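Step one of this worksheet: look at the structure below.
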């Protein structure tokens with residue numbers, strides 16, 4: 764009976780470890796996506812909603828745009 768309890772305990776610990784490590788990995792991936800993949804912050808185009816790295820975005824009157832065309836068309 765003690766071997767059975769030990770196996771159950773080992774299974775619970777293993778499942779807990781896997782759940783925690785996968786949650787941490789998902790969090791790391793989301794942080795990387797949010798930061799633009801290269802460590803820089805990501806911004807959203809005020810016209811179409813596209814997410815892009817801040818370094819690649821066009822800024823106009825405090826808003827970010829993905830292209831000159833969307834900047835000229837303005838916020839939606």
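Numbering (this note's numbering), first residue to last: 764 to 839. Note that CB positions come from ideal geometry on N, CA and C, so glycine has one too. Only a predicted model underlies this, so the values are computations on that prediction, with no experimental measurement involved.
- The beta carbon of residue 797 is closer than 7 angstroms to those of 805 in its chain, skipping five residues each way along the sequence.
- Within the same chain, 828, 829, 833, 834, 836, 837, 838 and 839 come within 8 angstroms of residue 810 by CB-CB distance, once the 5 residues on both sides are set aside.
- Excluding residues up to 5 positions away in sequence, 816, 817 and 818 lie with their Cβ nearer than 7 angstroms to the Cβ of residue 803 in the same chain.
- Here the alpha carbons of residue 786 and residue 774 stand approximately 18 angstroms from one another.
- In the three-state reduction of the DSSP assignment, residue 785 falls in the helix class.
- Per DSSP, reduced to three states, the secondary structure at residue 813 is coil, with no helix or strand assignment.
- The secondary-structure analysis by DSSP pairs residue 823 across a beta bridge with 826.
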